[in-house]
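The opening position of the sequence shown corresponds to residue 269 in the working numbering, with each subsequent residue numbered one higher.
Read through the structure below, which is laid out as structure tokens, and then see the notes.
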Amino acid sequence: MKSFFDTNVLVYLFDQDSPRKKTVAQKIFEKDASGGAILLSTQVLQEFYVTVTRKLGQPLKPEKALGVIRKLAVLPVVVVDTSLVLSAVQRSQKDSISFWDSLIIDAALKGGAQRLWSEDLQHGRTVNGMQIENPFL
């Protein structure tokens, strides 16, 4: 099963202040990575860099964050292009959710994900056959 990882789940891989969530994130990441089932987007990579270098209690040094992104970038990555932005705008308007959440959902769908790991989106919701799951519940 192909799994799209929202930024928040990836960030917990490096969050020293949330040990339980870090452990959960590591387990699902390792499991999906071993099966070749991880999917990301350019949005996730951008948000990841900003969050781990600026918003964590113990932020990563920019050089370390760049190294992590280089490793993540070898995974399948959906490129956020104009058509994806337009699709996310429409989803945001139709479903009354934030543009950024809509962009995550549409990138996951475009990449063919069957599951979307996210702490922020509605756990248990199904969108076009894709299941949204909060791994920390």
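Yeah, the Cβ is synthetic: ideal placement off N, Cα and C, and Gly gets one too.
These numbers were taken from a predicted model, which means no experiment stands behind them.
Backbone CA spacing between residue i and residue j [nearest angstrom]
i: residue 385; j: residue 332; result: 24 angstroms
i: residue 315; j: residue 401; result: 20 angstroms
i: residue 343; j: residue 310; result: 11 angstroms
i: residue 353; j: residue 369; result: 11 angstroms
i: residue 287; j: residue 278; result: 14 angstroms
i: residue 379; j: residue 297; result: 17 angstroms
i: residue 313; j: residue 306; result: 13 angstroms
i: residue 348; j: residue 318; result: 17 angstroms
i: residue 270; j: residue 391; result: 17 angstroms
i: residue 327; j: residue 339; result: 18 angstroms
i: residue 346; j: residue 304; result: 15 angstroms
i: residue 302; j: residue 381; result: 16 angstroms
i: residue 299; j: residue 365; result: 30 angstroms
i: residue 367; j: residue 295; result: 29 angstroms
i: residue 351; j: residue 341; result: 21 angstroms
i: residue 399; j: residue 362; result: 19 angstroms
i: residue 325; j: residue 383; result: 29 angstroms
Strand pairing of residue i, partner residues [DSSP]
i: residue 384; result: 272 and 400
i: residue 307; result: 272
i: residue 336; result: None, per the DSSP bridge assignment.
i: residue 395; result: 398
Residue of the options minimising C-alpha distance to residue i
i: residue 404; options: 323, 274 and 347; result: 274
i: residue 388; options: 276, 306 and 381; result: 276
i: residue 321; options: 308, 337, 306 and 307; result: 337
i: residue 308; options: 272, 350 and 362; result: 272
Exercise. Do the region 359-375 and the region 387-395 make contact, defined as three or more Cβ pairs closer than 8 angstroms?
Worked result: yes
Problem set entry | Touch test, the region 280-293 against the region 346-361, Cβ-Cβ under 8 angstroms, three pairs minimum | no
Exercise. Hey, is the region 318-337 in contact with the region 269-282, meaning 3+ C-beta pairs nearer than 8 angstroms?
Worked result: yes
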